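To keep things clear, I will list the structure first and then write my remarks on it.
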Amino acid sequence: MRRTGFLLLAFSLLLPLQPVQAAPAHGGTPVLDIDLQAPTVPSSPILHGLMTEEINYSYDGGLYAELIRNRAFRNDDKSPVTWELVKADGVEAEIALTDRKPLTDKLPTSLEWKIRSVPAGKRSALANEGYWGIPIRPATTYHGSFYVKGGSGTNAFTGKLTVSLESTNGSAVFAHAETKAVDAHWQKMEVTLTTAAGAPPTANGRFVIAADGPGTLWVSLVSLFPPTYKSRANGNRPDIMGKLAAMKPKFLRFPGGNYVEGDRLWERFDWKATRGPLPIRAGHRSCWGYRSTDGLGLLEFMEWCEDLDMEPVLAVFAGYSLAQQPVEPGPLLEPYVREALEELEYLTGDAAKTYWGGERARDGHPKPFTVRYVEIGNEDEFDRSHSYDARYAQFHDALKARYPKLQLIATMPVQSRRPDVVDDHYYRSADAFFKDLGHYDQADRKGPKIFVGEWATREGSPTPNFNAALGDAAWMTSMERNSDLIIMHAYAPLFVNVNPGGMQWKTDLIGYNAMTSYGSPAYYAQVMFSGHRGDRIVKAGYVDGPAEAPPYSVTRDSRTGRLYIKLVNRLATAQEVRFFIRGARRIAPEGDAVTLSAAAPTDTNSIEEPEKIVPVASRIGYLTPGFTYKMAAYSIAVLEFDVK
Ligand code: AHR
């Protein structure tokens with residue numbers, strides 16, 4: 020966050036200390052009546068969180084730090100897409116996919132590399148440019164690995180291989196290493212590749228495996244990891260994790276979204292297939308049109324939660340896939356209910372006393388996780404057989420019988436059981452959000468709690484523009500005002516790889532390429548809202564405010580007394596708001612403001628201009644029970660100050 024120096028706002032922006040009478044509209048200035056004497060209600064402690072799924076190359080080619088694309092040769096049945104046999108004068112070689120030399124039954128395809136001749140001083144080389152380039156950074160250590168097996172007899176290959184990081188045309192080599200000698204058995208080769216301090220940062224890198232003699236080789240599961248967040252093996256990109264950490268998210272809803280459902284039943288998120296060593300993770304086709312490695316599997320989702328101190332909101336497959344494939348409730352659904360129970364035991368069961376808890380320990384995480392929230396399915400209103408009520412009931416009964424304290428989330432209202440929480444989704448224009456800010460104001464407080472599990476203002480691509488951030492911020496004021504009822508919310512989708520072909524869904528919170536990432540204006544609105552709020556919702560309302568009076572929310576920290584006021588001005592002109600703060604014994608004369616603003620609603624951030632629109636921190640002064648704050652045109656503001 021950018022911080023201006025200490026800024027006492029100009030006199031024109033503030034009224035001097037003065038006694039405050041009633042709260043009439045003041046010369047056209049809307050008056051926000053904040054009643055500190057009225058009873059407050061708690062604001063959900065886990066209101067702001069994240070929603071994630073494999074979409075827009077969110078994990079492969081995104082958060083998951085693996086740099087090799089098509090690492091297990093499963094992306095295409097016919098050809099080794101993304102792999103290139105580098106041409107060199109006099110070298111005779113060919114590559115093809117084969118299932119005659121499987122590494123495992125889960126990774127049955129390997130790359131057959133037949134090298135007939137290599138003139139002295141030349142090499143036969145396989146190259147992979149990763150997800151739109153392998154990022155090369157100076158003084159950086161990469162961990163490379165692959166499985167290789169040599170031929171025998173006349174096809175024998177028993178030499179060493181050279182592994183390198185190069186420019187995409189091979190003219191520059193940034194790091195290289197040698198493997199052990201190859202033999203006729205599958206061996207895992209591991210190399211460390213360290214770039215020089217002077218290596219030029221570039222996304223135009225490639226990973227190369229080279230041989231200097233003839234023979235046949237089979238290659239499988241090729242992997243390259245740069246340094247990861249918290250140095251986790253098989254871990255995540257530090258830059259993106261850093262951006263998420265700045266959002267201070269309280270929970271992670273995973274693994275979808277549509278990704279949990281799959282297009283077809285056999286393409287659902289099958290948690291068991293996403294665990295264990297990488298050679299036994301087959302990966303699967305995701306509903307967003309590409310194959311997932313499942314390298315970021317169930318345990319990695321949980322480690323992601325651990326790393327950012329988020330609680331998991333686990334979505335379980337509930338017997339409905341997107342191509343209108345519902346499983347009939349009753350005995351046919353039972354295996355999927357069992358799958359969910361086993362998943363919970365895997366995550367929460369004692370390592371010594373439960374089978375699945377033991378499996379988790381064997382996978383490297385002896386300590387049980389805590390899971391409080393489980394969502395049954397995703398957007399089941401799209402199931403045209405209308406089977407959700409019965410499917411929900413079957414899951415509900417089984418999960419509650421075994422885990423009575425679990426909070427169950429239904430994806431739509433159901434009649435046969437009372438869910439603890441219902442998940443509402445909203446994808447809208449900014450206008451639509453501004454028109455519906457009272458949506459939850461009068462909602463039934465005796466019914467299930469609400470999880471706004473997916474929502475976004477869909478303006479701007481690949482990431483939202485400033486108008487979208489205004490719509491988002493306005494909607495967040497309404498959710499925060501109702502955060503006694505709305506216990507959680509999460510923007511979606513979270514990520515997009517901005518390279519051509521990377522995006523399946525427009526308007527995503529955080530964009531990146533191989534080298535770098537940036538937050539959209541909507542991202543910064545999230546950072547501002549989650550980082551500045553109290554634990555109690557304070558009663559507030561406009562006194563005869565004009566229709567376009569800035570949407571607001573007011574919360575207070577019950578321990579410190581600090582007051583947080585959020586305002587959104589979508590107008591092209593500056594707008595004043597006068598406050599009428601009732602019931603304060605003392606208001607600190609100074610406080611803090613954070614603002615986000617743009618010159619035009621279509622302005623945005625991008626890879627080229629990642630920080631065009633970022634929050635600006637300043638100090639505000641001359642605070643009184645009746646001070647006036649002037650909002651810039653097109654702006655979002657959070658004001659905070661101490662009140663006794
Ligand atoms: O966020 C993109 C998609 O929108 C989600 O996968 C789905 O739940 C919703 O329809």
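For the record, in the sequence shown the residue sitting at position 172 is 191 according to my numbering, with numbers rising by one throughout. Glycine included, C-beta positions come from ideal geometry on N, C-alpha and C. Owing to the predicted nature of the structure, the values given are computational and were not obtained by experimental measurement.
Proximity winner among the options, relative to residue i (alpha-carbon distances)
i	options	result
ALA144	SER129, ALA112, PRO127	ALA112
ILE259	LEU104, SER77, GLU361	SER77
ALA200	GLY189, LEU212, GLU185, LEU236	LEU236
GLU131	THR177, TRP151, PHE92, THR160	PHE92
ARG391	LEU55, GLY261, ALA265, MET507	MET507
GLN343	LEU263, GLU330, TYR407, ASN94	TYR407
THR211	PHE193, GLY81, ALA429, GLN461	PHE193
TRP422	GLY217, GLU361, SER242	According to the sequence displayed, residue 422 carries Tyr and not Trp. Of GLY217, GLU361, SER242, the residue nearest in Cα terms is GLU361.
PRO608	SER448, VAL587, GLY645	GLY645
THR213	ARG251, ASN188, ALA158	ALA158
TYR571	LEU116, ALA492, VAL227	ALA492
ILE655	GLY490, VAL517, ILE626	GLY490
GLY314	GLU347, ASN255, LEU352, VAL346	ASN255
THR187	ILE114, GLY109, LEU104, GLY234	LEU104
TYR459	SER129, ALA651, MET495	MET495
ALA218	LYS269, ARG156, SER164	ARG156
GLY47	LEU528, ARG597, PHE470	ARG597
SER502	TRP524, ARG464, ALA533	ARG464
PHE226	GLY163, LYS262, GLU280	GLY163
Residue i Cβ short of 7 Å to ligand 1 heavy atom set
i	result
ALA107	no
THR398	Per the sequence shown, the amino acid found at residue 398 is Glu instead of Thr. Yes, ligand 1 has a heavy atom inside 7 Å of this Cβ.
PRO512	yes
HIS444	yes
ILE529	no
ILE428	no
ASN75	no
GLU72	yes
ASN94	no
Burial state of residue i (16 or more Cβ within 10 Å)
i	result
THR23	Residue confidence for THR23 is low, a pLDDT of 40 falling below 50, so the modelled location carries little weight and cannot support an answer.
ARG357	exposed
LEU658	buried
HIS405	exposed
ILE299	exposed
PRO274	buried
ALA42	Because the pLDDT at ALA42 is just 43, under 50, the model does not fix this residue reliably, and the point stays unresolved.
GLN40	In this prediction, GLN40 scores a pLDDT of 42, lower than 50, which makes its location untrustworthy; the coordinate-derived value is nonetheless stated afterwards. Result: exposed.
PHE25	Here PHE25 scores only 33 on pLDDT, less than 50, and its place in the model should not be relied on; the value that follows carries that caveat. Exposed: under 16 other Cβ atoms inside 10 Å.
THR476	buried
PRO296	exposed
PRO354	exposed
VAL182	buried
ALA350	It is Pro, not Ala, that sits at residue 350 in the sequence shown. By the 10 Å Cβ count, PRO350 comes out exposed.
SER549	buried
Proximity of residue i and residue j at Cβ, strictly below 8 Å
i	j	result
SER171	ALA146	no
ILE153	PRO512	no
LEU126	ALA301	yes
ASP79	SER311	yes
SER669	ILE556	Shown here, the chain extends from 20 to 663; a query on residue 669 therefore has no answer.
LYS558	ARG604	no
ARG287	GLY472	no
ASP576	GLY610	no
PHE388	PRO331	yes
TRP285	LEU317	no
ALA371	ARG379	no
PRO634	VAL573	no
ASN636	PRO540	With the sequence shown as reference, residue 636 is identified as Ala, and Asn is not the correct amino acid for it. No, the pair does not count as a contact, with Cβ atoms beyond the cut-off.
GLU400	ILE428	no
ILE639	TYR543	no
LYS168	LYS120	yes
ASN166	LYS207	Note that residue 166 corresponds to Tyr in the displayed sequence, not to Asn. Their beta carbons are under 8 Å apart, which means TYR166 touches LYS207 by this criterion.
ASP402	TYR309	no
THR430	ASN484	no
GLY178	ARG88	no
TYR161	LEU184	yes
ASN624	TYR537	yes
ALA359	LEU418	yes
GLY232	VAL137	yes
ALA683	PRO348	As shown, the chain starts at 20 and ends at 663. That puts residue 683 outside it, with no answer to give.
HIS444	LYS269	no
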